[in-house]
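If you use the numbering used here, the sequence shown corresponds to residues -8 to 468, in order. Think of the CB as a built atom: it goes at the ideal place given N, C-alpha and C, for glycine as much as any other residue. In this text, all values refer to a predicted model and were calculated from it rather than measured experimentally. Below you'll find the structure, written out as structure tokens, and then a few comments.
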Amino acid sequence: MAGAWRGSLRARLMVGVVLLAAVGMVAVNAVSLIGLRLNLVNVADAHLTKTRESVQHRVHPRPAPIEADNLNSLIPDGTYLAMLDDQGRMVAQTPARDVDGRPRPRPDLPTPLPDGFAEHTVTLSARGAPVPRYRTLSFPLGYSATVRRTPGSPPQRFSRVVIAKSLQPAEDVVYWLIGADSAATLAVLGGIVLLSRGVLNVGLRPLRNMAATATAIADGDIDQRIDVAGRHSEVGEVGTALNRAFDERQRSEEQLRQFVANASHELRTPLTTIRGWAQLHLHGLAEDPALIERAMLRIEGEAARMHTMVEELLLLARLDQGRPVAHAPVDLGALADDAVTDARVVDPGRPLTVEAPGEVFACGDEDRLRQVLQNLLSNALRHTPPDTPVSVTARALPDGTAQLTVADQGPGMPPATAERIFERFYRGDESRNPTSGGTGLGLSIVRSITEAHGGTATVRTAPGKGSTFTITLPAAR
-8 MAGAWRGSLR ARLMVGVVLL AAVGMVAVNA VSLIGLRLNL VNVADAHLTK
42 TRESVQHRVH PRPAPIEADN LNSLIPDGTY LAMLDDQGRM VAQTPARDVD
92 GRPRPRPDLP TPLPDGFAEH TVTLSARGAP VPRYRTLSFP LGYSATVRRT
142 PGSPPQRFSR VVIAKSLQPA EDVVYWLIGA DSAATLAVLG GIVLLSRGVL
192 NVGLRPLRNM AATATAIADG DIDQRIDVAG RHSEVGEVGT ALNRAFDERQ
242 RSEEQLRQFV ANASHELRTP LTTIRGWAQL HLHGLAEDPA LIERAMLRIE
292 GEAARMHTMV EELLLLARLD QGRPVAHAPV DLGALADDAV TDARVVDPGR
342 PLTVEAPGEV FACGDEDRLR QVLQNLLSNA LRHTPPDTPV SVTARALPDG
392 TAQLTVADQG PGMPPATAER IFERFYRGDE SRNPTSGGTG LGLSIVRSIT
442 EAHGGTATVR TAPGKGSTFT ITLPAAR
């Protein structure tokens, strides 16, 4: 159950939304309630200040004493008033009951009242009960006045007055607002739960469709693809990325199948030749020494061809695995000169030229780049007439790259052949003869090595206009 809960994106999103909404609403309610209560307390304090001014004005020294039964006339309704003598003892206070007979709580004042007590408003509990609470203010009159507790009793002097305002109405408002806010919060959270459930069901539907499509593809229905509605949304980007991954996987599998089929086809011819000559020798049909020597030479030649093809396949496999290549400065001018010198030894009558103005350094693996040049020159020598000029150029470009160019003035290639010339095992119709010495992997190796160095390999050709192969590589700093 816990694992399912952790795995449920919809449930986690819903819980997160509800929790955030709850925290936000509680915070807003708390701030508003605190602000309201502080405002109500400030109103009570302002009321006490006005009451103090009224009492000081009405209790101004007068010849007749104040009657205790008339204390309510000195203060507004809902206000408590107490009179104390010089020692802080209670002389008189407002009645314990209202005019309608209801009990009136009183603040819990210390007896005797110490000097300086409540000179600024303070909050006190009711006497004998925690509620209601009172905002209380004490102030001296600055003179002595008299009050009569009961009619006919002797008057008593007082010089200090305490007034208090009950906070019960304010707290009633706060408590009512707490209840109303709580009910409203619960109702809104319930609505958010229902609304978020619906929104998440709709919003996560593309993800569920993606999961269903991915499951179908994993089960073997490789033609299935994810329908992407909004490509610029997060879900759309995920769907597009998955479709690209599925397409790339299918393309890689098709390339692998085609690669295996081509390799099998290319290896079948030398294997058949070797087996034929070997059986001819084993069955005693080749008794002529010249025929035996020819059989051995053919077997050795086809074995060498197979060895070369296997080595090239291994190199392509390593490059496909993304194995890192060296990143050292390589003098392309020196490589071009060496490659042309080697080609002159192989084909002495071929007009070969090399051009490398200035120093041209690329960043890469010297042995692999040497192989690129050798393959390009070998391809030019093999597929052009013996007297066809071939030129090799190495130069640095202003954009921070180095360029190698191998150009010939041979018969060129049609566009259909040029488009596929870098494919593995692809050879033009004019060179499909296996005895031509090619394996159809040379130019594939050129492109793979170049791309492993972060460069590009291109060809520019047309029938009757020769071919120009261009290798662009990052220049060495």
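Roughly how many whole angstroms lie between the Cα atoms of residue i and residue j?
| i | j | result |
| --- | --- | --- |
| residue 3 | residue 235 | 29 Å |
| residue 412 | residue 434 | 7 Å |
| residue 441 | residue 203 | 40 Å |
| residue 452 | residue 261 | 32 Å |
| residue 125 | residue 156 | 5 Å |
| residue 401 | residue 381 | 9 Å |
| residue 372 | residue 240 | 37 Å |
| residue 189 | residue 218 | 22 Å |
| residue 341 | residue 229 | 56 Å |
| residue 405 | residue 460 | 15 Å |
| residue 449 | residue 198 | 41 Å |
| residue 7 | residue 34 | 40 Å |
| residue 200 | residue 0 | 15 Å |
| residue 21 | residue 181 | 20 Å |
| residue 149 | residue 24 | 40 Å |
| residue 357 | residue 438 | 16 Å |
| residue 245 | residue 266 | 31 Å |
| residue 205 | residue 233 | 9 Å |
| residue 214 | residue 281 | 58 Å |
| residue 134 | residue 106 | 16 Å |
| residue 458 | residue 379 | 11 Å |
| residue 443 | residue 259 | 30 Å |
| residue 389 | residue 301 | 40 Å |
| residue 291 | residue 248 | 29 Å |
Tell me whether residue i sits in a helix, a strand or coil according to DSSP, three-state version.
| i | result |
| --- | --- |
| residue 158 | coil |
| residue 44 | helix |
| residue 317 | coil |
| residue 347 | coil |
| residue 146 | coil |
| residue 352 | strand |
| residue 139 | strand |
| residue -1 | coil |
| residue 267 | helix |
| residue 130 | strand |
| residue 237 | helix |
| residue 176 | helix |
| residue 329 | helix |
| residue 110 | coil |
| residue 438 | helix |
| residue 204 | helix |
| residue 467 | coil |
| residue 125 | strand |
| residue 406 | helix |
| residue 198 | helix |
Using C-beta distances below 7 Å, list every residue in its chain close to residue i, excluding the 5 sequence neighbours before and after it, in chain order.
| i | result |
| --- | --- |
| residue 179 | 16 |
Just to confirm, is the Cβ distance from residue i to residue j under 8 Å?
| i | j | result |
| --- | --- | --- |
| residue 46 | residue 152 | yes |
| residue 464 | residue 355 | yes |
| residue 364 | residue 326 | yes |
| residue 268 | residue 289 | yes |
| residue 113 | residue 74 | no |
| residue 104 | residue 154 | no |
| residue 109 | residue 127 | yes |
| residue 305 | residue 432 | no |
| residue 193 | residue 9 | no |
| residue 115 | residue 98 | yes |
| residue 387 | residue 466 | yes |
| residue 328 | residue 352 | no |
| residue 136 | residue 57 | yes |
| residue 403 | residue 456 | yes |
| residue 130 | residue 43 | yes |
| residue 334 | residue 367 | no |
| residue 462 | residue 445 | no |
Report whether the distance from the Cβ of residue i to the nearest heavy atom of the ligand FAD is below 7 Å.
| i | result |
| --- | --- |
| residue 3 | Questions concerning the ligand FAD fall outside what the structure shown contains, since it holds no ligand whatsoever. |
Residues in the same chain with beta-carbon distance under 6 Å from residue i, minus the five sequence neighbours each way, listed in chain order, please.
| i | result |
| --- | --- |
| residue 210 | none |
| residue 31 | 161 |
| residue 331 | 343, 345 and 383 |
| residue 393 | 323, 351, 353, 387, 464 and 466 |
| residue 361 | 326 |
| residue 347 | 324, 327 and 385 |
| residue 370 | 433 |
| residue 195 | 1 |
| residue 285 | none |
Less than 8 Å between C-beta atoms, sequence neighbours within five positions excluded: which residues of the same chain meet that for residue i?
| i | result |
| --- | --- |
| residue 187 | 4, 5, 8 and 9 |
Determine, using beta-carbon pairs with one atom in the stretch 164 to 174 and one in the stretch 58 to 78, whether at least three such pairs fall under 8 Å.
-> no
Three CB pairs or more closer than 8 Å across the stretch 383 to 400 and the stretch 361 to 375 = At 8 Å Cβ cutoff, the stretches touch.
Is the stretch 58 to 65 in contact with the stretch 114 to 123, if contact means three or more CB pairs nearer than 8 Å?
-> No: the two stretches stay apart, fewer than three of their Cβ pairs being nearer than 8 Å.
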